[in-house]
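Each residue of the sequence shown is one higher than the last, beginning at 3 in the working numbering. Even for Gly, the Cβ is constructed at its ideal location relative to N, Cα and C. Predicted model only: the values in this text are computed from it and were never measured. One structure below.
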Amino acid sequence: MSGILTQSLSILAVISLVTLTPAIAAPPSASIEAPPTLRASAILPPNMLSAPNCRVDETVRNDGYLNTYTLHTRDGDLRVVSTALLSERLRECAAIVAMDKVQPAGQFGDAVAEKGRNTVKGAVNLVTKPLRTVGSALSGVGKMFQRAEESLVESSSSKYEDSAAAAALGYSRSKREIAKHFGVDPYSTNPYLKDRLDRLAGADFAGSLLATGASAAIPGAV
3 MSGILTQSLS
13 ILAVISLVTL
23 TPAIAAPPSA
33 SIEAPPTLRA
43 SAILPPNMLS
53 APNCRVDETV
63 RNDGYLNTYT
73 LHTRDGDLRV
83 VSTALLSERL
93 RECAAIVAMD
103 KVQPAGQFGD
113 AVAEKGRNTV
123 KGAVNLVTKP
133 LRTVGSALSG
143 VGKMFQRAEE
153 SLVESSSSKY
163 EDSAAAAALG
173 YSRSKREIAK
183 HFGVDPYSTN
193 PYLKDRLDRL
203 AGADFAGSLL
213 ATGASAAIPG
223 AV
């Protein structure tokens, strides 16, 4: 009798173990929450919903730390991570509108419309070519500008401020002064603002060079 009882208990133990194993092995499913979606009009003050020629998209993503906005501008959309950066981009929108009202004058109109490296290269060309026609007396000046031009062209646009030639020619200084005038960061990562800064700095930079070259070509000029 005891042997039969022992065998029965062993069978019950095995059945119980088999029955309980799936429940023990299967952990409770972890729920993964999707990043919350917010409404711009609900989290931003009215003066941060738009600026001249740009507006903030109503849908705002949040990763648990920072809000990510989409800023619609007339040049294209910008992805803006953080409310602080959004405030800066809105100021830049207003600055871009003001910059677009400033047009390069005179013979520089076409050359300074080029962007990035081409703006600087074209502006230098306006100076080096007239200087080379003056005569051998200015050949050294022409070579100096040629070396500066080669240095600028070889540098990528993101390194303009670090270029020794750009600093020597006053391009970097022009860019900083123009940015200060319009209340923006000269090193902003906003590509649309950078285009305008390059255009205006190129015009100012080229005009300064031409004035310097013309004075050097006239004996007794101050």
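Spatial distance of residue i from residue j (CA atoms)
{"i": "ARG178", "j": "TYR71", "result": "28 Å"}
{"i": "GLU94", "j": "ALA36", "result": "32 Å"}
{"i": "LEU88", "j": "VAL82", "result": "6 Å"}
{"i": "ALA115", "j": "ALA53", "result": "Bear in mind that a pLDDT of 45 at ALA115, under 50, signals an unreliable position, so the number given afterwards is only what the model happens to contain. Near 25 Å, if we compare the C-alpha coordinates of ALA53 and ALA115."}
{"i": "SER43", "j": "MET101", "result": "29 Å"}
{"i": "PRO132", "j": "VAL58", "result": "Caution applies to PRO132, whose pLDDT of 43 falls short of 50 and renders its modelled position unreliable; the model cannot decide the point."}
{"i": "LEU92", "j": "ILE45", "result": "16 Å"}
{"i": "ASP206", "j": "ILE34", "result": "55 Å"}
{"i": "ASP200", "j": "ALA96", "result": "17 Å"}
Under the three-state DSSP convention, the category residue i falls into
{"i": "SER52", "result": "strand"}
{"i": "PRO37", "result": "coil"}
{"i": "THR85", "result": "helix"}
{"i": "ASP79", "result": "strand"}
{"i": "TYR194", "result": "helix"}
Option in the options with minimal Cα separation from residue i
{"i": "LEU73", "options": "HIS183, ASP65, GLU90, VAL186", "result": "GLU90"}
{"i": "PHE184", "options": "SER174, ARG198, GLY172", "result": "ARG198"}
{"i": "SER84", "options": "ARG76, GLY78, LEU68", "result": "LEU68"}
{"i": "ALA208", "options": "TYR173, ASP187, ALA42, TYR189", "result": "TYR173"}
{"i": "ASN64", "options": "ARG41, SER52, ASP79, LEU51", "result": "ARG41"}
{"i": "GLY78", "options": "ASN192, ALA181, ASP206, ASP200", "result": "ASN192"}
Whole-Å CB distance - residue i paired with residue j, under 8 Å assumed
{"i": "LEU202", "j": "ILE98", "result": "Contact doesn't hold; Cβ gap of about 11 Å is too wide."}
{"i": "THR61", "j": "THR39", "result": "6 Å"}
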